[in-house]
Structures are given as structure tokens and as C-alpha cells.
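Its first residue numbered 1, the sequence shown is counted upward by one per residue in UniProt numbering. These notes concern the structure reproduced below.
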Amino acid sequence: MSYQNYKACIEECLKCMVACNHCYSSCLEEDHVGMMKECIRLDRECAEICGFTAHALSMNSKYAKALCLACAEACEACGNECKKHDHDHCQQCAEACFACAKICREMAA
């Protein structure tokens, strides 16, 4: 597959990475940061996986489908955790995660 075929997925992965990084840093500023521990952990993990997946797709990696599947799973886990919290940054992160998971699952099919 060519870069052009991966372009939309790469863009969603990068959007999700940014949203997760923003959520992560915003969670650290919350009054009850201890309650945000799982959200912070998943934000960091998801951001790293999304960034790596975008990078691999840009190189037309032979592992693209497997990486997209792993990315979708990480995004769904992060999105499910983030949607539990009322903070705007968490809700926006959940939205980005679910959009990324959707396109990654399509790429992995």
C-alpha cells in the first residue's frame, strides 16, 4: 500500500497523539490527580502507540495491519477511560481516540 492509502489513518493517529498528550498534561493539573492515574497512564501509552503507528505507516511498514490493530485497541481503552471523566480535555481525547480506533480498524481489515 502506498503512503496515500495510509494518509487519513496517519492524520487520525497524529490527531489522537496530540489529544492524548494534551489530556495527559491537563490531567496532571487537576485537583484530584490521584483519581486520574489510569487516565494519565492510558493517555501516555496511547500517544506513544499512535505516534509509532503514524511513523510506521509513513514508511509503508510491512507490519501496518498489526500496528493498526494494536493502535485501535489502545485507542479504545484510552477512549473508554477518558469518557468516564467530565473534563473537557478528557471528552475531547475520547472523541479523538474513538475516531482513530475506527480508521485503524478499517486499515487492519
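Even for Gly, the Cβ is constructed at its ideal location relative to N, Cα and C. Quick caveat: nothing in here was measured; it's all calculated off a predicted structure.
>> So, with DSSP's three-state summary, where would you put K7?
In response: Taking the sequence shown and counting its residues from 1, one reaches residue 7 at position 7. Of the three classes helix, strand and coil, the one that applies to K7 here is helix, per DSSP.
>> Is the beta carbon of L57 closer than 9 Å to that of M107?
In response: Counting from 1 along the sequence shown, the entry for residue 107 is found at position 107. Counting from 1 along the sequence shown, the entry for residue 57 is found at position 57. Yes, the Cβ-Cβ distance between M107 and L57 is below 9 Å.
> How would you write the range of the alpha helix (DSSP H) that M107 sits in, first residue to last?
Replying inline: On the sequence shown, residue 107 is found 107 positions in, with the first residue counted as 1. Secondary structure note for M107: its alpha helix (DSSP H) is the uninterrupted segment 88-108.
> Among residues of its own chain, excluding the 5 on either side of A54, which ones have a beta-carbon nearer than 6 Å to its beta-carbon?
Replying inline: Here residue 54 corresponds to residue number 54 of the sequence shown, with the count starting at 1. Only I10, C13, L14 meet the Cβ criterion.
> Roughly how many whole angstroms lie between the Cα atoms of I40 and K62?
Replying inline: Position 40 of the sequence shown, counted from the first residue, corresponds to residue 40. Position 62 of the sequence shown, counted from the first residue, corresponds to residue 62. If you take the alpha carbons of I40 and K62, they lie about 31 Å apart.
> Of the choices N80, V33, C27, whose alpha-carbon is the least far from that of A99?
Replying inline: If you number the sequence shown from 1, residue 99 lands on position 99. Comparing Cα-Cα distances from A99 to each of N80, V33, C27, the minimum goes to N80.
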